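Here the sequence shown stands for residues 4 to 183, where the numbers follow the numbering used here.
Ideal Cβ positions, reconstructed from N, Cα and C, are used throughout, including at glycine.
Everything numeric in this text was worked out from a predicted model, so none of it was measured.
Just below is one structure, and these are the notes that go with it.
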Amino acid sequence: MGAAWAVSSASSRTKVLAVARDVPAGQVLTAADVTVAEVSADAALSPLPASDKASVVGKRTAVDLRQGGLLLASQLTAGTGLGDDKEQVGVLVKRGQAPAGTLFPGDKVLAVTTPAQGSTTTAKDDPSASSIDAVVVSVSRPDASGAVVVNLAVATNDGPALASLASQSRIALVREPRSN
């Protein structure tokens, strides 16, 4: 009877895709990031079948993936990420320069110029004060001080200005409302 149960249990297992190592949101999946695992068939689970491995390599992750987790279609974004008409700029965001823990890939943000350090000029009085429309590509994990690097996609003519302001720590991020 035990042998019959073992054969029955083995036959109800299915090969699915699992995460081989941690992959941050916004990154492109490589073959090394994905592995094949066998799990018991369960209608409550919807991991991608192992046969989809070739089609997921090269797709961008929509969320952070953790080693050992099952890979789901909802964890991958459509398309390949940034279009040819966008530039990517990394902005170091310290506590208080963006809404804490609420930025995710795909969020629309305004990168707002802040006054230079030591300046008594307010944003309203600063002729260089401006904002740049951007889309969040990825957000790093916070460092020991709580700072994160937010990679932003911006129009080609905005990339150099944003990079210059970011290097001077003169950028704060405002998340736009999410559409329903």
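**Prompt:** For the candidate residues 50, 24, 28, whose alpha-carbon lies nearest to that of residue 110?
**Reply:** 28
**Message:** Using DSSP's beta-bridge definition, name the partner residues of residue 138.
**Reply:** 111, 156
**Request:** Run through the stretch 42-71 for me and flag every whole alpha helix (DSSP H) of 4 or more residues, listed as ranges in chain order.
**Result:** 56-59
**Simplified DSSP state of residue 162, which is helix, strand or coil** = helix
**Item:** Simplified DSSP state of residue 74, which is helix, strand or coil
**Value:** coil
**Prompt:** Taking C-beta to C-beta, are residue 155 and residue 103 nearer than 8 Å?
**Reply:** no
**Prompt:** Is there contact between the stretch 157-168 and the stretch 45-56, where contact requires at least three CB pairs shorter than 8 Å?
**Reply:** no
**Prompt:** Are the stretch 39-51 and the stretch 94-103 in contact at 8 Å, needing three or more beta carbon pairs?
**Reply:** no
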